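This report refers to the structure that appears directly beneath it.
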Amino acid sequence: AYGRSGKPVLDLTLVQAAMPFACCCAVPIAAWNLVAFRDPRRVFFVQERVGLFGRPFRMIKFRTMSDVRSTDSQSWASGSDPTRVTRFGCLLRRTHLDELPQLINILRGDMHVVGPRPEMPDVHLWACAQVQGFAQRLALRPGLTGLAQITQGYTGASIACYERRLAIDVDYIEKLSLRTDLGIVVRTVPWVLQGRGWSWDRGAMAIDPAIPASPESGPAMESAVDVDSMPAALPAVTSPRRHGYVDVDAA
């Protein structure tokens with residue numbers, strides 16, 4: 011019951027409460043990016059992520075990375091993401107301010123405030139192949155913050171880290187409640203204030219040889235991976251209704 015009706019109410023309440031702060035921060039960040047990248051189209055970037063029941067959606071962020079000759083999935087797999095981030099982008103990531111535009115995703119119904127973090131399609135498919143039951147995370151809409159985010163931070167191409175992430179996310183889904191969500195929101199505040207938003211687990215940065223290289227080439231410019239045919243390829247979620255949360259449109 012909470013997942014179906016209470017969680018959307020909590021989302022709306024938290025977004026409304028955060029909107030004044032978000033607007034005060036978003037304006038100078040957007041202005042800085044406009045000057046830094048010299049192109050209004052590059053103030054934000056929109057990237058495909060895997061959402062509820064495997065449906066792709068377009069997630070919005072402030073741009074934090076410079077352009078390189080590789081795709082997003084390639085840079086993630088090779089562990090080169092830290093080298094792509096600008097100095098100002100590093101500040102945004104440490105404070106999670108680059109995530110502010112995702113309030114729009116929450117209002118659009120793509121995401122919750124609290125939930126499993128959405129993965130890029132290529133990364134999700136890799137994780138499903140390497141970690142049994144990884145698609146169970148898709149039984150709930152992804153979140154702006156979550157238990158795995160505030161305990162693991164950013165992780166590289168490590169099967170062990172993704173196994174732990176699955177365990178954390180499944181435990182969260184099984185114990186889904188207002189109290190749990192409020193607890194995660196409260197714990198997120200000091201995590202952000204301490205600048206731990208972009209904490210890489212260096213031990214998890216080892217490159218896993220099982221990760222396939224993306225066939226795409228050319229400048230990434232933080233663009234999305236093409237996932238026009240991705241929904242059919244995503245593994246099915248095991249009994250999502252048992253978690254008490256079903257999107258009527260996706261059922």
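If you count by my numbering, then the sequence shown holds residues 11 to 261, one letter each, in order. The beta-carbon is built from N, C-alpha and C at its ideal position, and this holds for glycine as well. Because the structure is a prediction, the values reported are computed rather than measured.
Reducing DSSP to helix, strand and coil, say where Leu154 ends up. strand
Whole angstroms is fine: what's the gap from Met121's alpha carbon to Val60's? 11 Å
Check each candidate in Arg104, Gly16 and Gly119 and name the one with the smallest Cα separation from Leu203. Arg104
Note down, in chain order, each residue of its chain lying with its Cβ closer than 8 Å to the Cβ of Val25, except the 5 sequence neighbours on either side. Leu113, Ile116, Leu117 and Val123
Member of Phe63, Leu107, Met29 and Arg65 whose CA lies at the smallest distance from the CA of Arg73: Leu107
Through-space distance from Ser168 to Ala11, alpha-carbon basis: 35 Å
List in chain order: all unbroken beta strand (DSSP E) runs of 3+ residues lying wholly within the stretch 134-183. 153-155
Between which two residues does the alpha helix (DSSP H) holding Gln112 run? Gln112 to Leu117
Does the stretch 156-163 come into contact with the stretch 178-193, if we say contact requires no fewer than three beta-carbon pairs (one atom in each stretch) closer than 8 Å? yes
Using DSSP with H/G/I as helix, E/B as strand and the rest coil, what is Pro126? coil
On the DSSP bridge assignment, give the partners of Pro18 in chain order. BP columns for Pro18 are empty, so no partner.
Between Ile70 and Phe54, is the Cβ-Cβ spacing less than 9 Å? yes
Please name the residue, chosen from Arg65, Leu22 and Cys33, that lies closest to Arg147 on a Cα-to-Cα basis. Arg65
Neighbour-count burial assignment, Thr165, 16 or more Cβ in a 10 Å radius: buried
Apart from the five residues just before and just after Thr198, which ones in its own chain have a Cβ nearer than 6 Å to its Cβ? Thr155 and Ile160
Which residue's Cα is closest to the Cα of Cys33: Leu110, Asp132, Gly119 and Gly99? Leu110
Among residues of its own chain, excluding the 5 on either side of Ser76, which ones have a beta-carbon nearer than 7 Å to its beta-carbon? Arg94 and Thr96
Does DSSP put Gln26 in a helix, a strand or coil? helix
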